[in-house]
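Asks:
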Amino acid sequence: MLAFNFFGATEGGLFDINATLPLMAIQVVALTYILNSLFFKPVGNIVEKREKFVSNNIIEAKNKLSEVKKLEADLLTQLQNARTEAQRIVSEAENESDKLYKEALEFANNEANASKEKARLEIESQTSAARDQLSKQADDLSELIVNRLILEK
Amino acid sequence: MFFNSLLTNFAALEVGQHLYWQIGNIRLHGQVFLTSWILLGALLVFISLGTKKMENDPKGLQNLLEFLWDYIRDLARTQIGEKVYRDWMPFIGTLFLFVFVSNWGGALIPWRLIKLPSGELGAPTADINTTIALALLVSLSYFYAGLSNKGWRYFEYYVHPTPIMLPFKILEDFTKPLSLSFRLFGNILADELVVGVLVFLVPLILPIPVMFLGLFTSAIQALIFATLAAYYIGEAVEEHH
Numbered sequence: 001m002l003a004f005n006f007f008g009a010t011e012g013g014l015f016d017i018n019a020t021l022p023l024m025a026i027q028v029v030a031l032t033y034i035l036n037s038l039f040f041k042p043v044g045n046i047v048e049k050r051e052k053f054v055s056n057n058i059i060e061a062k063n064k065l066s067e068v069k070k071l072e073a074d075l076l077t078q079l080q081n082a083r084t085e086a087q088r089i090v091s092e093a094e095n096e097s098d099k100l101y102k103e104a105l106e107f108a109n110n111e112a113n114a115s116k117e118k119a120r121l122e123i124e125s126q127t128s129a130a131r132d133q134l135s136k137q138a139d140d141l142s143e144l145i146v147n148r149l150i151l152e153k
Numbered sequence: 154m155f156f157n158s159l160l161t162n163f164a165a166l167e168v169g170q171h172l173y174w175q176i177g178n179i180r181l182h183g184q185v186f187l188t189s190w191i192l193l194g195a196l197l198v199f200i201s202l203g204t205k206k207m208e209n210d211p212k213g214l215q216n217l218l219e220f221l222w223d224y225i226r227d228l229a230r231t232q233i234g235e236k237v238y239r240d241w242m243p244f245i246g247t248l249f250l251f252v253f254v255s256n257w258g259g260a261l262i263p264w265r266l267i268k269l270p271s272g273e274l275g276a277p278t279a280d281i282n283t284t285i286a287l288a289l290l291v292s293l294s295y296f297y298a299g300l301s302n303k304g305w306r307y308f309e310y311y312v313h314p315t316p317i318m319l320p321f322k323i324l325e326d327f328t329k330p331l332s333l334s335f336r337l338f339g340n341i342l343a344d345e346l347v348v349g350v351l352v353f354l355v356p357l358i359l360p361i362p363v364m365f366l367g368l369f370t371s372a373i374q375a376l377i378f379a380t381l382a383a384y385y386i387g388e389a390v391e392e393h394h
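Each protein sequence line maps, in turn, to chains A and B.
Using the numbering used here, the first residue of the first sequence is number 1, and each one after it goes up by one.
Using the numbering used here, the first residue of the second sequence is number 154, and each one after it goes up by one.
1) Taking its Cβ as the centre, do 16 or more other Cβ atoms sit within 10 Å of HIS171 of chain B, making it buried, or is it exposed?
2) Does DSSP put ILE267 of chain B in a helix, a strand or coil?
3) Within 7 Å: the Cβ of VAL350 of chain B and any heavy atom of the ligand HEM?
4) Does the beta-carbon distance from VAL254 of chain B to LEU196 of chain B come in below 8 Å?
5) For GLY213 of chain B, count the other beta carbons within 10 Å of its own beta carbon; 16 or more makes it buried, fewer makes it exposed. Which is it?
6) By the three-class DSSP mapping on this structure, what secondary structure does GLN170 of chain B have?
7) Tell me the rounded alpha-carbon separation between ALA19 of chain A and ILE179 of chain B.
8) Does the Cβ-Cβ distance between LEU287 of chain B and SER332 of chain B come in under 8 Å?
9) Which residue or residues does DSSP assign as beta-bridge partners of ARG180 of chain B?
10) Express the C-alpha separation of LEU381 of chain B and ASP227 of chain B in angstroms, rounding to a whole number.
11) What's the call for THR84 of chain A, buried or exposed, on a 16-neighbour Cβ count within 10 Å?
12) Between the segment 250-280 of chain B and chain A, which residues of the former have a C-beta closer than 9 Å to a C-beta of the latter?
13) Nearest by alpha-carbon distance to VAL198 of chain B: which of A:LEU38, A:LEU76, A:PRO42 and A:ARG50 is it?
14) So if I threshold CB-CB distances at 8 Å, which residues from the segment 14-27 of chain A count as touching chain B?
15) CB-CB under 7 Å to LEU359 of chain B, same chain, minus the five flanking residues each way: which ones, in chain order?
16) Got a sec? Which residues, its chain only, sit under 6 Å from SER292 of chain B by beta carbon, not counting five neighbours each side?
17) Please compile the residues from chain A whose C-beta is within a distance smaller than 7 Å of the C-beta of PRO243 of chain B.
18) Cα-Cα, which of B:LEU366, B:GLN175, B:PHE186 and B:GLN215 is closest to ALA260 of chain B?
19) Hey, is THR380 of chain B's beta-carbon within less than 8 Å of any beta-carbon in chain A?
20) Determine the DSSP secondary structure at GLU391 of chain B, reduced to helix, strand or coil.
21) Return no unless some Cβ of chain B is closer than 8 Å to the Cβ of VAL43 of chain A.
22) What's the C-alpha gap between LEU65 of chain A and ASN57 of chain A?
23) Check the C-beta distance from LEU300 of chain B over to TYR307 of chain B and give it rounded, since I have them as a contact under 8 Å.
24) If you count every other CB in all the chains shown that lies within 10 Å of the CB of TRP117 of chain B, and 16 or more means buried, which is it?
25) Considering only residues of the same chain and omitting the five flanking positions on each side of ASP344 of chain B, which have a CB-CB separation below 6 Å?
26) Within the continuous alpha helix (DSSP H) that includes ARG306 of chain B, where are the two ends?
27) For the putative contact between THR278 of chain B and ASN256 of chain B, defined by C-beta atoms under 8 Å, what is the C-beta separation to the nearest angstrom?
28) Give a yes or no on contact between the segment 259-276 of chain B and the segment 59-74 of chain A, applying the rule of three or more CB pairs nearer than 8 Å.
29) For ALA383 of chain B and chain A, any beta-carbon pair shorter than 8 Å?
30) For chain B, check one thing: does any of its Cβ atoms lie closer than 8 Å to the Cβ of ARG83 of chain A?
31) Note down the Cα distance separating LYS49 of chain A from LYS206 of chain B, rounded to an integer number of angstroms.
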């Protein structure tokens, strides 16, 4: 029946405290040790091992990533260096070829001028020679004419 | 007439009656030990099965146990603190598991079908002896935790902000186990009584939502008990600056 026998009863009742209390305490302490060796230690070991494994892997991956980034940066500077080097070589070659071209041009100009000068001198000498000859022939002719005229007289 | 037969046949609510075991001079509440042994046996079998073949890639039961372990670790770590939570995690976890298994086992298993000569089987936590035992263990634990971690400096805690706090802090050492034990005892016993009375009045359907509510309270009580125990230990080992 609904026997609400709360207080006062020598036997029974809701608040009947007896040796159940210390024995239950001992039982719970024993359970703590049993669960520690059966559950908390082994599961803890495996979970923490896995956590360590995961965090180690993450650290390793981060290291590798930073290494890759360093290498990438290194490569980029190398590439830039090679580009400037190439540019330098190209401009040097351009300057060189420019110089060579100018030199060749100058040389050719000089040669042309020299041969032109030589030709002019030759033409001049030939002209003067021809003129001399012409004037000599004119003189001879005039002399001949003069002689003929004189003889006919 | 009808009610009388109903009373005797269906729902004889036996409150405060126990199955006494007499060993020499001491008397024990046998029904508490019977249910606790059955429930703890089931718990240990469950845990042994789950931890039998542990792998790095958890499967099945191991998953559940790892989740449980993680849950208990988080509880212990947030309340006790990073430094010493490892020492107390098994104790907090055992409290949680013991209270949880007792509460749920008491609510889920139809113990009333098993007839005892006196008293009836039920949640072990619905007996005041069990809850006082747990609460006193918590008290001992936080004293031990404080003294072993800080030595005599533990007692600085009693005069921590100002010496005015001393009587209140001393009073707290008594109210902590009292509130811990009576909260758990009251909740679980009240749940059993409510379900019992409802089953006695309306045997069908109506008790079911109350039973679900009982399961909810049972889980919450286990969590509250473990959290408070961890909090008290954390309070004892905390360094004041």
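We put the CB at the ideal spot given by N, CA and C, even for glycine.
Replies: Quick answer:
1) Buried: at least 16 other Cβ atoms inside 10 Å.
2) DSSP places ILE267 of chain B in the coil class of the three-state scheme, outside both helix and strand.
3) Looking for the ligand HEM in the displayed structure turns up nothing, as the structure carries no ligands at all.
4) Closer than 8 Å, so yes.
5) Note on GLY213 of chain B: under 16 other CB atoms within 10 angstroms of its CB, so exposed under the neighbour-count rule.
6) Here GLN170 of chain B sits in coil by DSSP.
7) For ALA19 of chain A and ILE179 of chain B, the distance between alpha carbons rounds to 6 Å.
8) For the 8 Å CB-CB criterion, LEU287 of chain B and SER332 of chain B do not form a contact.
9) Answer by DSSP bridge pairing, in chain order: B:GLN175.
10) One C-alpha to the other measures close to 14 Å.
11) Exposed.
12) Those would be LEU250, PHE251, SER271, GLY272, PRO277 and ASP280, in chain order.
13) When each option's Cα is compared against that of VAL198 of chain B, the closest is A:LEU38.
14) Shown in chain order are the members of the segment 14-27 of chain A whose Cβ falls below 8 Å from a Cβ of chain B: LEU14, PHE15, ASP16, ILE17, ASN18, ALA19, THR20, LEU21, PRO22, LEU23, MET24, ALA25 and GLN27.
15) Closer than 7 Å at Cβ, skipping near neighbours: LEU351.
16) The beta carbon of SER292 of chain B lies closer than 6 Å to those of PRO330 in the same chain, with the five residues before and after it left out.
17) Taking the beta carbon of PRO243 of chain B as reference, the chain A residues within 7 Å of it are THR32, LEU35, ASN36 and PHE40, listed in sequence order.
18) Answer by Cα proximity: B:LEU366.
19) Residue-level contact check: THR380 of chain B does not touch chain A, since none of the beta carbons of chain A fall below 8 Å from its beta carbon.
20) GLU391 of chain B falls in the coil class under three-state DSSP.
21) It does; some Cβ of chain B falls within 8 Å.
22) One C-alpha to the other measures close to 12 Å.
23) Separation of the CB atoms of LEU300 of chain B and TYR307 of chain B is rounded to 5 Å, and the pair is thereby assigned contact status at 8 Å.
24) The question about residue 117 of chain B has no answer here: the residues shown for chain B are numbered 154 through 394.
25) So the qualifying residues of the chain are GLY367 and THR370.
26) Unbroken run through ARG306 of chain B: none, as it is neither H nor E.
27) About 6 Å separates the two Cβ atoms, so the contact holds.
28) Taking 8 Å as the limit for Cβ pairs, the verdict is that the segment 59-74 of chain A does not touch the segment 259-276 of chain B.
29) So no, ALA383 of chain B is outside the interface.
30) No - not a single Cβ of chain B is within 8 Å of the one on ARG83 of chain A.
31) Roughly 16 Å between the two C-alpha positions.
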